[in-house]
Amino acid sequence: MYINIIILIIMLAAMVRGFFRGFAKEVLSLVGLAAAFFAGYYAAENFSKFHLAYFGFINNIKNYEVKEIIIFVSVFIIVSLIFAVISFLITKLLDILMLGFVNKIGGFFLQESKFL
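Be aware that the sequence shown starts at 1, since it is given in the UniProt record's numbering, and climbs by one per residue.
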């Protein structure tokens, strides 16, 4: 019985979080997370040339795996920040177009479906 109450409280908290974040922010956070992971994984090789050219401290690291981890993390952070800015701009645009409430209701139901 107590487990049901705990699950219900967690589910309600998640739905309230989804309501306040909105549909656009919820969707773009999921897409941004996947895009950041894949960009970090697949583009790390190309981005390593950029790192080597513009960041001298990378050349001082002798371990190849550590270099790859640093490059992966930096690409992951950059792509995540880009999606966060896009999410912010789309949310503000929806508020200007007076679709903010629809955005929030969509976020509520999306968060509910993610939780289930």
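Beta carbons: idealized from backbone N, C-alpha and C, even for Gly.
Everything numeric in this text was worked out from a predicted model, so none of it was measured.
Discussion item. Assuming Phe115 and Met1 are in contact, meaning their beta carbons sit under 8 angstroms apart, how far apart are those beta carbons, in whole angstroms?
Written reply: For this step, residue 115 is matched to residue 115 along the sequence shown. For this step, residue 1 is matched to residue 1 along the sequence shown. Not a contact, Cβ separation roughly 20 angstroms.
Item to complete: Return helix, strand or coil for Gly107, following the three-state DSSP convention.
Response: As a position in the sequence shown, residue 107 is number 107, starting the count at 1. The answer is helix: DSSP assigns Gly107 an H, G or I state.
Item to complete: Measure the Cβ-Cβ separation of Gly22 and Asn103 and say whether it is below 8 angstroms.
Response: Counted from its first residue, the sequence shown places residue 22 at position 22. Counted from its first residue, the sequence shown places residue 103 at position 103. Cβ atoms of Gly22 and Asn103: closer than 8 angstroms.
Worksheet item: Alpha carbon to alpha carbon, how far is Leu94 from Gly100?
Response: By 1-based counting over the sequence shown, the position of residue 94 is 94. By 1-based counting over the sequence shown, the position of residue 100 is 100. Leu94 and Gly100: Cα-Cα distance of roughly 5 angstroms.
Worksheet item: So, Thr91 versus Ala35, is the Cβ gap smaller than 8 angstroms?
Response: The residue you call residue 91 lines up with position 91 of the sequence shown. The residue you call residue 35 lines up with position 35 of the sequence shown. Their beta carbons are not under 8 angstroms apart, which means Thr91 does not touch Ala35 by this criterion.
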